[in-house]
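K.L.:
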Amino acid sequence: MKDPAITLRNGFTLFELIVVLVIISAMITVIVPYAGRSNESLKIKEECLNMAEAVKYAIDLATDTKRATRIVINPKNRSYLLETTAGGADNQDYKPVEGFQGAVRYFGLKIYIADMDGFGVEGDDRYLTFDPEKPWPNASFSLLTNDAVNTIKIRGKQVEFEVSGI
Numbered sequence: 001m002k003d004p005a006i007t008l009r010n011g012f013t014l015f016e017l018i019v020v021l022v023i024i025s026a027m028i029t030v031i032v033p034y035a036g037r038s039n040e041s042l043k044i045k046e047e048c049l050n051m052a053e054a055v056k057y058a059i060d061l062a063t064d065t066k067r068a069t070r071i072v073i074n075p076k077n078r079s080y081l082l083e084t085t086a087g088g089a090d091n092q093d094y095k096p097v098e099g100f101q102g103a104v105r106y107f108g109l110k111i112y113i114a115d116m117d118g119f120g121v122e123g124d125d126r127y128l129t130f131d132p133e134k135p136w137p138n139a140s141f142s143l144l145t146n147d148a149v150n151t152i153k154i155r156g157k158q159v160e161f162e163v164s165g166i
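Read in the numbering used here, the sequence shown has 37 at position 37, and its numbers run on one by one without any break.
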């Protein structure tokens, strides 16, 4: 026989549910702004990795084909592409590299290009040429978002990038 003074509870009281919901709401309020920043940080890091790979590809292509190859960056429309010459020391007509994942690549909407040192200028375009018959260039440029700056440094055949917050 059961003791009538002992009752079993199945479930939670309304007060307990409200307390749990308040705690969850407070946690979400604190975490959401950081999640957005983390996402932007990942996007700029991905863009830096893509750019570093493009530069390495240009260096390898110039070395393998013995032809001048250049990366052309347009900061105004936030795009870049690789170009190469048809060959020969006197031929400086550049054409887009075939097979490089599309002719022109674009940066994300919230990513901007700045601090371009060591680049040549041609209209709105900035270019960096890798010519196997000349010394390899030293250059750098930065990709910016609202909360991060990533700088890509090219020192001869070495490509690296630094990450820093604003």
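Where is the CB? At the ideal position from N, CA and C, for every residue including glycine.
Look up P33 in the DSSP assignment and say whether it is helix, strand or coil.
P.N.:
helix
K.L.:
Assuming P96 is part of the beta strand (DSSP E), what are its boundary residues?
P.N.:
94-96
K.L.:
Between the region 124-143 and the region 152-165, are three or more C-beta pairs nearer than 8 Å?
P.N.:
yes
K.L.:
Measuring alpha carbon to alpha carbon, tell me which residue in F130, V149, P135 is nearest I59.
P.N.:
F130
K.L.:
Just how far apart, CA to CA, sit Y106 and K76?
P.N.:
11 Å
K.L.:
Using the Cβ count rule (16 or more neighbours within 10 Å means buried), how would you classify L82?
P.N.:
Classification of L82: buried, given that the 10 Å Cβ count is 16 or more.
K.L.:
Starting from E122 and walking both ways along the beta strand (DSSP E), at which residues does that stretch end?
P.N.:
Note, E122: beta strand (DSSP E), 120-122.
K.L.:
State yes or no: is the C-beta of P225 within less than 8 Å of the C-beta of K66?
P.N.:
Past the edges of the chain, shown from 1 to 166, lies residue 225, and the structure says nothing about it.
K.L.:
Return the chain-ordered ranges of every beta strand (DSSP E) run that is complete within the region 10-73 and spans a minimum of 3 residues.
P.N.:
none
K.L.:
Who are K157's beta bridge partners in DSSP?
P.N.:
Per DSSP, none; premise fails for K157.
K.L.:
Between L144 and the rest of its own chain, which residues show a CB-CB distance below 6 Å, the 5 nearest in sequence each way excluded?
P.N.:
Y112, A114
K.L.:
Rounded to the nearest angstrom, what separates V163 and N150 at their Cα positions?
P.N.:
The alpha-carbon atoms of V163 and N150 are separated by roughly 5 Å.
K.L.:
Grab the span of the beta strand (DSSP E) containing A84 for me, first residue to last.
P.N.:
Per the sequence shown, residue 84 should be read as Thr rather than Ala. Taken as a continuous stretch (DSSP letters only), the beta strand (DSSP E) holding T84 covers 79-85.
K.L.:
Would T69 and T84 qualify as a contact pair, given that the criterion is a beta-carbon distance under 8 Å?
P.N.:
yes
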